[in-house]
Amino acid sequence: MAVKRGYTDVVTMLLEAKASVQEANCDGWTPLHVATCHGYTLIVRRLLDAGADVDATTTAGDTALHVAARYGHDSIIEMLLACGASTYMYNHTGKTALALVKANTQGALLLEADMVALATEDAHNQQRHDQLVCAARNGDVRETAKLLDAGVCPDDATSSTTALHWAAAKGHAPIVEMLLEAGADTDPVQATDLWTPLMLAAAHGHLAVVESLLRRYASIFLTDAEGNTALLIAATHGATACVERLLQAQADVSATNDAGDTALHVASRGGHSDVVRVLLAAHAPLHAINHAKETALVLAPSHSDVEAILAPLVQSHVGHLIEAVETGDAASVQAYLQAGLPVDLRNKAGRTLLLLAIEKGQTAIVDVLVAAKAPVNQRATDGTSPLSLAAGLGEYRVAETLLQAGADPNTTHREGRALLLVAASDGHEALVQLLMSTAPRPCG
C-alpha cells in the first residue's frame, strides 16, 4: 500500500524493518512492479538497493522493465538496465520490453543501446573463446594462459568440441592441466560421435593426458555413439600404455559395445598383440562372443602374433573342460561354461560334452550341461545320440533328464534300431516303460 500511494518515507521505514521486497500479489506484481508502474523513481531505487529481483515476472510474464517500457518511464528504464535487467525476456504475449516502448523515445534508445552492447559483448566473448580453442589446438601454452587469466571460460563454445577436446586429442598435456585448473568440464561430449577428451587421448595414446584426466575423475564409464568406452577405444587403436592405465583405474575389461565386442575382440581384430597380453592379464573374457557369434580368436588375423597367443589358451581351456566333464568336476565345468566356452563343443573324436558325460557315467555333469542348454539331440560324428547312448547303457535317470529337456523319444540307435528295441533287448525294463510312456507306439 505504501508503494502504491508513493509514500517514500514509509517505504524506507518498512525496508529498514526488513519488510519483504519480493512478496507478490495474486497477479504476481511485486512492489518493484507497482513502483515502476506509477513512475516512483525514488521508491524503485530504494527497492533495488534492498535487493528486489529486477527480473521477477508477473503472471502475465512482465518484468519491471516491461512495465517501465509500456508506461514510458525512461529514467526507471535506465535504472533497471543499470541493475542488470534483461532486455531479452519475453512476456506471455511474446513481447520484449523494446517491443512495448514507443519508438524514437529515450527509453527505446536506452533499450536498443543495451541490446547492442550485449550482442557486442557476446561476440567479443565468442571471439576470445575461439582464440582459446585455437591456442589449445596449436599447443600455444603462453596464449592459453593469457586468455584464461583474462577470464575466458574454458567451456564456452558454439561447437561441442571444446578447447579440452583439442588439447587432449593433440596430446598437449600442459594445456590440458591449465584448462582443468581453470575449471574445465572433464567430460564434455562431442555432438556427433559422443567422444569425450578421455576417449580422444586414449585413441591417440596420449598417456600423460589420460593421467591428468583420470586424476580429475574423468568418467571411464561413458560410451560413444557406438557404445565404446575409453578402454575399448584405446584397445582398438593399440594404445597399450593407455589400456594399462585405464585398467588400473578400474575400467570394466568385460564391457561390450553395441556390436557386442569386448576390448579383447577389438584388440584381436586389430592385431594388437601387446594389448591382448595386457587384457588377458586383467582376466578379459577369452571366450566371449559378440553379436556376430565371433570370439577374439576368430577375429585374430591368420598366422599373427595374436593368434599365436590366443589359440593355445583356447585349446588349453577346451582340454581342461573336456577333462572336467570326464572326471565329474562340476565346479570346473560350470566355471568354463560361464567363461564362455560353448556347451556344444566336440572333442577330436567328434563326441559332444553331453555324450562324454553320459559315456563316463557322470550324471551330475549331465545335469549341469542340460541346465546350460546343451543340445540334447546333437549326435556324434558316428551317429550316436545322447538318448540312444543312455538307452544302450541303461541309464534311466539320464534318459529321463534328456526326455524332459526335449530329447526325441523316436530317435534311433546309430545302426537304425529303435531305442525301445535296444532297451528291451538289453533287459532295461524301467527304461522301456519310460520310453513307451513318453512316446507310445507299436513295437515292430
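Mapping of the sequence shown onto full-length UniProt numbering: position 236 corresponds to residue 236, and the numbering continues sequentially without gaps. Beta carbons are placed, not taken as given, at the ideal position from N, Cα and C, and that holds for glycine.
Ranking 323, 352, 325 and 274 by CA distance to the CA of residue 309 puts 274 first. Take residue 42, set aside five residues on each side of it, and the residues of its chain with a beta-carbon closer than 6 angstroms to its own are 8, in chain order.
Here residue 236 carries a helix assignment [DSSP, helix/strand/coil]. For the pair residue 56 and residue 97, the CB atoms are not nearer than the 9 angstroms cut-off.
Within the DSSP secondary-structure output, residue 346 pairs in a beta bridge with 352.
Of all alpha-carbon atoms in 321, 243 and 342, the one lying nearest the alpha-carbon of residue 287 is that of 342. Closest option to residue 268, judged by alpha-carbon separation, among 241, 307, 348 and 353: 307.
Between residue 325 and residue 365 the beta-carbon gap is near 5 angstroms, inside 8 angstroms, which marks them as a contact.
Excluding the 5 residues flanking it on each side, residue 226 has same chain C-beta neighbours closer than 6 angstroms at 257 and 258, in chain order. In the structure shown, residue 412 adopts extended strand secondary structure according to DSSP, grouped into three states. Close CB contacts of residue 180 within its chain, under the 6 angstroms cut and outside five residues either way in sequence, are with 216 (chain order). In the structure shown, the three-state DSSP call for residue 196 is coil. Taking 9 angstroms as the cut-off, the Cβ atoms of residue 175 and residue 210 do not count as close.
The beta carbon of residue 40 is closer than 6 angstroms to those of 6 in its chain, skipping five residues each way along the sequence. In terms of Cα proximity to residue 383, the closest of 406, 371 and 352 is 352.
In the three-state scheme derived from DSSP, where H, G and I count as helix and E and B as strand, residue 316 is classed as helix.
Counting only the Cα atoms, residue 134 lies some 46 angstroms from residue 73. Close CB contacts of residue 92 within its chain, under the 7 angstroms cut and outside five residues either way in sequence, are with 60 and 61 (chain order). Ranked by Cα distance from residue 21, the first of 29, 379 and 47 is 47. Per DSSP, residue 293 lies in no alpha helix (DSSP H) and is assigned neither H nor E. Between residue 387 and residue 377, the C-beta gap is smaller than 9 angstroms, which places the two residues in contact. In this chain, the alpha helix (DSSP H) harbouring residue 434 covers 429–438.
With a cutoff of 9 angstroms on beta-carbon distance, residue 271 and residue 234 are scored as not near each other. Per DSSP, the continuous alpha helix (DSSP H) segment holding residue 75 begins and ends at 74–82. Residue range 363–371 is occupied by the alpha helix (DSSP H) that includes residue 365. In chain order, 66 place their CB closer than 8 angstroms to the CB of residue 95, counting only its own chain and leaving out the 5 sequence neighbours on each side.
The straight-line gap separating the alpha-carbon atoms of residue 231 and residue 184 is approximately 22 angstroms. Per the C-alpha coordinates, the member of 153, 166, 64 and 374 positioned closest to residue 138 is 166. If you look at residue 274, you'll find it in the alpha helix (DSSP H) that goes 273–281. For residue 218 against residue 246, the beta-carbon gap comes to about 10 angstroms, at or over 8 angstroms, which does not count as contact. With 16 or more neighbouring CB atoms inside 10 Å of its own CB, residue 395 falls in the buried class.
Between residue 154 and residue 163 the beta-carbon gap is near 6 angstroms, inside 8 angstroms, which marks them as a contact.
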